[in-house]
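A quick write-up on the structure given underneath.
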Ligand SMILES: Nc1nc2c(ncn2[C@@H]2O[C@H](COP(=O)(O)OP(=O)(O)OP(=O)(O)O)[C@@H](O)[C@H]2O)c(=O)[nH]1
Ligand SMILES: [Mg+2]
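Residue numbers (our numbering), protein chains in the order written: chain A, 1 to 83; chain B, 1 to 714.
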């Protein structure tokens, strides 16, 4: 297995950029919650803005805005979309 | 940490009991994602006044109301918002249990027209349950503003249930909604099935027959089969409660599941794949359908929202704006409350002697008059004149910010601090609710998924000084820190007053965080858990309606509670101060007894008595203190700011007393309403007791420390 570090996670996507989800590693409850909100393989997310202090970041997915801490976006694998 | 923190599962175990007025009453459940306007629809139809607010998680329990349509009677149940029937938190469980097992005649799924794709997920899940349903596409006015168009007819055709477009806040489309509900009742339930990938359909087909044999027609057998496969453990518990037996323990079901496991093994599939497959299929299908139903996507429809977000949350402006808003709210409250307070006091106290004279003249015995007028009436008059004006100004302003959608942005800004204390970012929301009323803040903690983090929010909620405590803070600050400065114009003094209140709030936030951290390191050990915070679109509040509603619904209610508490307190004080004990009165003996404790904390026995008798409602703490001072001094009531100051100073208050009272006001036991709410929410005496002790001990320690430090320097 290749080390996780080489994989791009949602946390790596800078504000203002978009990405397409390739895998959700989060488990159990959070996995379900993320899926319900639209974090499923193949869907697009836009990284909007990060809190002034800390790492909570707002993402646009399916037309709504959801804020998630870095600990959790680390568990969402993505590919960046270059426009 | 597991769910064991709470006895059994949670408060929501106390099931809603539907109160039918007659057998034929139809029960309608209002389901939907958070913040889509369910409570607004509910209020419009039933004429009730459920709180609404522009943030996900406003409603946390099932509430019922009645309406009549076309000679039929309906019971409508407002349900907490949920993203999915797979529940993750206490409020979602309440929603799920009612929708799935509450046997509603029709489920109305309310959707947000501006976010249809995500909303359809829940719609499809509800349709899968095989219940009669109506889809209500709400917020059509917002969609129009954003240039989004939805083909409701196509939706109706595809989903097979009535679909209605509404703008509930402006009462548009509600007749059609009622008609659709009626229509749905008289038609067969929707036959809407999602086709899953073959390896999942295989499991469903294996289970469906034995399930059908066991549950009969009480539940849709295809749906139950799917639920047996999607790995939702929490659901199984509710299913067992509903059926009265454990479905998965049945031999035929066990056999089917074993067969399916065998099948999965042979086909190189895992259980996790099946679970994911089910959830993802529904989401994907929603996206697909949304694409078909939405005929015009508003381009850049949220550009304004994102600009506002940048301003309200960015490094340079986020925190300053938060502080300025806090300041402005307090400044308006203090300035606006000043004049009406004096007016009300003059009026009510002016009446006191007249009432007494009048009562005596019609032959009411002197003792009774004395008790009722100089006891009960007097304290009540204090409560009304001191409490009503600031409350009537503060509540509407708070509600306006809430309706605008500002509260989730506060949570966004403050998340880092809560995370550092191993707490949930949503605790900022419950903290904000606490400034209105701590009991509301405690119930609101249901939006926090993790039981540990929810307890942190409940125990520390009392550090947010509630609306009932603001007037104490305002009076003390005005008298001792602003009144003392000579040559200050009245406008300048309200500015300083508001600034001081902002400082008190910052202090209360620091205490909330500090105590959360200490609890996280001791009795509530754990690491911060995952959560998602939705930032809803900003919506322009209906200013006039908000003002009227918050005055009538909230202010009057809270004031009523305070008066109910004030009257007996007035009676007790009157009795205590009129029954002699040795050389003095009982009241004097009692306050004397408490005096050493009070002194150690920079206060006195009277102040402590005020806090103790104020247990039923913080609103009466200050009036009680004033009444006792007056009773002991024997003087008559002269009411004006300066006179109140003189009274306190004559009784030995200094700036040190004032600071101690401020500290103790922020930190002492929760009021009895809040304690009862905590017991109800945690189902545990232990945590209720903790919620009593933690702020009380904090208050004692901090005021004691403050006084020790002052003593060193003075
Ligand atoms: N513009 C507009 N605003 C609406 C409409 N319906 C509701 N709102 C507003 O949307 C916000 C949310 O409404 P609620 O009724 O509290 O929503 P809810 O679905 O009960 O929310 P939860 O209880 O949190 O699940 C409030 O600020 C309402 O005033 C509508 O049709 N148009
Ligand atoms: Mg609601």
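Built from N, CA and C at the ideal position, the CB exists for glycine as well.
- Taking C-alpha positions only, residue 31(B) is separated from residue 608(B) by approximately 48 Å.
- With a beta-carbon spacing of about 7 Å, residue 379(B) and residue 620(B) fall inside the 8 Å limit used to define contacts.
- Residue environment for residue 291(B): exposed (fewer than 16 other C-beta atoms within 10 angstroms of its C-beta).
- One Cα belongs to residue 93(B), the other to residue 411(B), and the distance between them is close to 23 Å.
- A contact between stretches requires three or more CB pairs, one per stretch, nearer than 8 Å, and the region 655-672 of chain B meets this requirement with the region 502-510 of chain B.
- Remark: the shortest separation between the CB of residue 46(B) and any heavy atom of ligand 2 does not fall under 6 Å.
- Looking at the backbone, the Cα of residue 549(B) and that of residue 61(B) are separated by about 21 Å.
- Selection 39(A), 52(A), 63(A) evaluated against residue 9(A) yields 39(A) as nearest (Cα-Cα).
- In chain order, 51, 56, 58, 67 make up the part of chain A whose C-beta sits under 8 Å from the C-beta of residue 412(B).
- Minimum Cα-Cα distance from residue 166(B) among the listed residues 48(B), 112(B), 212(B) corresponds to 112(B).
- Annotated three-state conformation of residue 66(B) is strand, per DSSP.
- Secondary structure at residue 60(A): strand, using DSSP grouped into helix, strand and coil.
- With a contact defined as Cβ atoms closer than 8 Å, residue 135(B) and residue 106(B) miss out at about 11 Å.
- Within the same chain, Cβ atoms closer than 7 Å to the Cβ of residue 433(B) are found at 440, 441, 444, the five residues on either side in sequence being excluded.
- Shown here, residue 450(B) sits in coil according to DSSP, grouped into three states, outside any helix or strand.
- The beta carbon of residue 318(B) falls within 7 Å of a beta carbon belonging to chain A, placing the residue at that interface.
- Close to residue 26(A), with beta-carbon spacing below 8 Å, are these residues of chain B in chain order: 530.
- Taking a cut-off of 8 Å for Cβ pairs, the region 21-37 of chain B and the region 68-79 of chain B touch, as three or more such pairs fall below it.
- Looking at the backbone, the Cα of residue 573(B) and that of residue 396(B) are separated by about 34 Å.
- Using a Cβ distance threshold of 7 Å, residue 68(A) and residue 37(A) do not count as a contacting pair.
- Membership of residue 129(B) in any beta strand (DSSP E) is not indicated, and neither H nor E is assigned to it by DSSP.
- Residue side-chain check: residue 39(B) places its Cβ nearer than 6 Å to a non-hydrogen atom of ligand 1.
- Contact of residue 64(A) with chain B is assigned, a C-beta pair being separated by under 7 Å.
- Within the region 141-174 of chain B, contact with chain A at the beta-carbon level (separation under 8 Å) is assigned to no residue.
- A straight-line Cα-Cα distance of about 14 Å links residue 345(B) and residue 354(B).
- Secondary-structure assignment with DSSP links residue 73(B) through a beta bridge to 68(B).
- Distance from the CA atom of residue 76(A) to the CA atom of residue 280(B), rounded to whole angstroms, is 15 Å.
- DSSP places residue 426(B) outside any alpha helix (DSSP H), giving it a letter other than H or E.
- Using a Cβ-Cβ cut-off of 7 Å, residue 38(A) counts as an interface residue toward chain B, since at least one Cβ of chain B sits closer than that to its own.
- In summary, residue 643(B) is exposed, with fewer than 16 beta-carbon neighbours lying within 10 Å of its beta-carbon over all protein chains present.
- From the listed residues 457(B), 79(B), 69(B), the smallest Cα separation to residue 50(B) is found for 79(B).
- Look at residue 48(A) here: in three-state DSSP terms it is strand.
- As computed with DSSP, residue 581(B) is found in a beta bridge with 584(B).
- Between residue 524(B) and residue 455(B), the beta carbon gap of about 6 Å places them in contact (Cβ cut-off 8 Å).
- At least one heavy atom of ligand 1 sits closer than 6 Å to the Cβ of residue 58(B).
- Closest option to residue 405(B), judged by alpha-carbon separation, among 312(B), 81(B), 238(B): 312(B).
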